[in-house]
Amino acid sequence: MALPTPEQVQASMQRYVELVDAGDIDGILALYAEDATVEDPVGQPPLRGMDAISAFYRQGLGQMNVSAALTGPVRATHNGCGAVPFRVDLTWDGRECSLQVIDVMEFDEHGLIRSMKAFWSEVNLQPR
Numbered sequence: 001m002a003l004p005t006p007e008q009v010q011a012s013m014q015r016y017v018e019l020v021d022a023g024d025i026d027g028i029l030a031l032y033a034e035d036a037t038v039e040d041p042v043g044q045p046p047l048r049g050m051d052a053i054s055a056f057y058r059q060g061l062g063q064m065n066v067s068a069a070l071t072g073p074v075r076a077t078h079n080g081c082g083a084v085p086f087r088v089d090l091t092w093d094g095r096e097c098s099l100q101v102i103d104v105m106e107f108d109e110h111g112l113i114r115s116m117k118a119f120w121s122e123v124n125l126q127p128r
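Using UniProt numbering, the letters of the sequence shown correspond one by one to residues 1 to 128.
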């Protein structure tokens with residue numbers, strides 16, 4: 001089975017941002033391969049496997065009221081990788097803020113996320 005096309009990578013990554021915006025944890029988890037890794041943010045020890053990834057999303061995103069939107073086009077390669085720039089609006093330490101994020105993902109031959117790395121830190125946080 002071949003890796004997803006650049007168009008399929010774009011569609012999956014756009015869908016990921018839509019699901020984050022909707023707070024749809026089950027929908028997000030359905031995009032991941034069973035043995036996937038998540039490093040969010042980059043520099044944290046990678047989470048491995050569906051149990052750890054599920055706990056991460058349920059304890060983080062699942063406990064927050066956030067919205068998310070693309071801030072530019074998804075960049076996609078011919079070998080199943082992509083990068084997506086987006087903004088997450090959230091409450092951080094009691095303040096309404098926007099966090100600018102770039103997620104880099106690798107997809108497997110089934111079109112599922114094999115690896116996700118989120119690039120952001122507090123320096124990317126702006127008051128709203």
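Backbone N, C-alpha and C define an ideal beta-carbon position, used for all residues, glycine too. A quick note: this is a predicted structure, and the numbers were derived from the prediction, not measured.
(request) Please report how far the alpha carbon of Ala68 lies from the alpha carbon of Gly49, in whole angstroms. (result) 25 Å
(request) Spell out a yes or no on whether the segment 98-109 and the segment 73-85 are touching, meaning 3 or more CB-CB pairs, one atom from each, closer than 8 Å. (result) yes
(request) Enumerate, from N- to C-terminal direction, the unbroken beta strand (DSSP E) stretches of 3 or more residues contained entirely within the UniProt domain "SnoaL-like" (14-115). (result) 32-39, 67-70, 81-92 and 95-107
(request) Would you mind reading off the limits of the beta strand (DSSP E) that contains Leu125? (result) Leu125 to Pro127
(request) Measure the C-alpha to C-alpha separation of Asp93 and Met64 and round it to an integer number of angstroms. (result) Cα to Cα, the separation comes out at about 12 Å.
(message) Just to confirm before moving on: does the CB-CB distance between Ile25 and Leu70 stay below 9 Å?
(response) no
(message) In this structure, how does DSSP classify Ala11 when only helix, strand and coil are distinguished?
(response) Ala11 sits in a helix when the DSSP states are folded into three classes.
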